[in-house]
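Residue numbers (the numbering used here): 28 to 114.
Note that CB positions come from ideal geometry on N, CA and C, so glycine has one too.
Accompanying notes for the structure given below.
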Amino acid sequence: MTKPELVDALAERTGMKKKDAELFLNAFMDVVTETVKSGEPVVLVGFGKFMLRERKARKGVNPKTREPIDIPAKKTVVFKPGKELRD
28 MTKPELVDAL
38 AERTGMKKKD
48 AELFLNAFMD
58 VVTETVKSGE
68 PVVLVGFGKF
78 MLRERKARKG
88 VNPKTREPID
98 IPAKKTVVFK
108 PGKELRD
């Protein structure tokens, strides 16, 4: 499902205008993004949890040259689905 399709589905289910549904979806994504960037998880009970996770630095191999390379540590966003969503 693409973002426009999600906006259409939200508008249809809630009776909102498409423009209002899009504003809501954009605001939701902004709040989740800002919260996760700050290091706090976003927990939606029954749906899942968005959180920031640190990946450790590690050794890798360049697939073209087969030379060893260092892959730096980085932060990444992960989503862990809740029990209801998994079921």
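Query: Taking 8 Å as the threshold, find out whether the stretch 86-95 comes into contact with the stretch 52-72 through three or more Cβ pairs.; Result: no
Query: Taking only the alpha-carbon atoms, compute the straight-line gap between residue 70 and residue 105 and give it to the nearest angstrom.; Result: 12 Å
Query: Taking all protein chains shown into account, do 16 or more other C-beta atoms lie within 10 angstroms of the C-beta of residue 48, making it buried, or fewer, making it exposed?; Result: buried
Query: Check for me: the alpha helix (DSSP H) holding residue 56 runs from which residue to which?; Result: 45-64
Query: Inspect the beta-carbon positions of residue 37 and residue 75 and report whether they are closer than 9 Å.; Result: no
Query: Distance check for residue 34 and residue 124, CA to CA, integer angstroms please.; Result: Nothing about residue 124 can be reported from this structure: the residues present for the chain run from 28 to 114 only.
Query: Spatial neighbours of residue 101 within its chain, please: CB distance less than 7 Å, with the 5 preceding and 5 following residues excluded, ordered by chain position.; Result: 82
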